[in-house]
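> Residue numbering for the sequence shown is 976 to 1163, as defined by the working numbering.
Positions of the beta carbon are idealized from the N, C-alpha and C atoms, including for glycine.
The model shown is predicted, which means the values in this text are computed figures rather than measured ones.
Okay, here's the structure, questions in a sec.
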Amino acid sequence: MKKSLELCKTLDELKQLCLSCQSCELAGTRQNVVFGEGPPDAKIFFLGEAPGAKEDETGRPFVGRAGDLLTELMARAGIDRQNVFITGSCKCRPPKNRNPRKSELKACFPYLERQLAIIKPKVVICSGLVAVQNILDSKARMADVRGRWVDLPHYRILPTYHPAAVLRGTVKAELLVEDFQRVSSFLG
Ligand code: SF4
C-alpha cells in the first residue's frame, strides 16, 4: 500500500485510494471513509481521533457537536476553520465510538503521512490523546504535553485537548482557545 500511496501527488489522488481502502477491520463496519477536508495548501493541519456517528454518516470530519464547538473555538482565536485541513488519525469509524486500536492506527498511518507530505502544513494541532500518541509519542500524557510546541523538521506540533472533552465538561473551553491563539500568534 505504502508504495501506491507514495505515487499520489495530489490530495484528490490520495483520497480516491483511501475511499476504497480495506487495510484494517474498520473497513467492514464503516458507512463512509472520512478522508478529511480543507485547502490542499493549508498552513494548519488539525488532527483528531476517528470519525463518530455523524462523520461516518456524512463522510465529513468534525460535523457533530464537537465539530460545531471546534469551529467556534477556532473563530475565538482568529482561525477560520475553512483555512484548516481537518482529519482524523483513523479515517473510518470504530464501532460504538470505541478508541481506534493500535493495529488500526498503524494501518491508517500511511494516509496521514502522505497527507502531511502533500499539504506541507506549518503547524499540526494534535487534538486529544489518541492523536498525540499517534503522531508524537505513544507514551505521552496530555498533562505533560498540552500547549507545548514540539518542533519537527518540517512542521511544529501543538498538542491540545479534544473539543469533546469540553462537551463532557472535563476541560475548559478557554484552554483550547488559548492553544489555538498560540497557533495564530505563531503564524502571524
Ligand atoms: S481506518 Fe484507515 S486503514 Fe483502516 S480501512 Fe479505514 S482508511 Fe483503511
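Any heavy atom of ligand 1 within a distance shorter than 8 Å of the CB on S983?
Sequence index remark: in the sequence shown, residue 983 carries index 8 (1-based). For clarity, residue 983 is Cys in the given sequence; the question names Ser instead. Answer for C983: no, Cβ out of range of ligand 1.
> Who are S1102's beta bridge partners in DSSP?
Within the sequence shown, numbered from 1, the residue matching residue 1102 stands at position 127. S1102 pairs with T1135.
> How do the segment 1009-1021 and the segment 1085-1094 stand: do at least 3 beta-carbon pairs fall below 8 Å, yes or no?
Taking 8 Å as the limit for Cβ pairs, the verdict is that the segment 1085-1094 does touch the segment 1009-1021.
> Would A1082 be called buried (16 or more neighbouring beta carbons within 10 Å of its own) or exposed?
For the purposes of this step, residue 1082 is identified with residue 107 of the sequence shown, where counting begins at 1. A1082 comes out buried.
> Over what stretch of residues does the beta strand (DSSP E) that includes I1061 continue unbroken?
Position 86 of the sequence shown, counted from the start, is the residue given in the question as residue 1061. From DSSP, the beta strand (DSSP E) with I1061 extends over 1059-1063.
> Whole angstroms is fine: what's the gap from V1158's alpha carbon to T1033's?
Counting from one through the sequence shown, the residue named residue 1158 turns up at place 183. Counting from one through the sequence shown, the residue named residue 1033 turns up at place 58. Cα-Cα distance, rounded: 29 Å.
> When the Cα of T1135 is compared with those of D1126, P1128, R1076, E1153, which residue comes out closest?
Mapped onto the sequence shown, residue 1135 falls at position 160. Here the closest residue by C-alpha is E1153.
> Where do the N-terminal and C-terminal ends of the alpha helix (DSSP H) with L1001 fall, by residue?
Residue mapping note: residue 1001 aligns to position 26 of the sequence shown, counting from 1. Where L1001 is concerned, there is no enclosing alpha helix (DSSP H), given that its DSSP letter is neither H nor E.
> Kindly indicate which three-state DSSP category F1020 falls into: helix, strand or coil?
For the purposes of this step, residue 1020 is taken as the residue at position 45 of the sequence shown. If DSSP states are grouped into helix, strand and coil, F1020 belongs with the strands.
> Following the continuous alpha helix (DSSP H) through K1029, name the residue where it begins and the one where it ends.
Within the sequence shown, the letter at position 54 stands for residue 1029. Note, K1029: alpha helix (DSSP H), 1028-1033.
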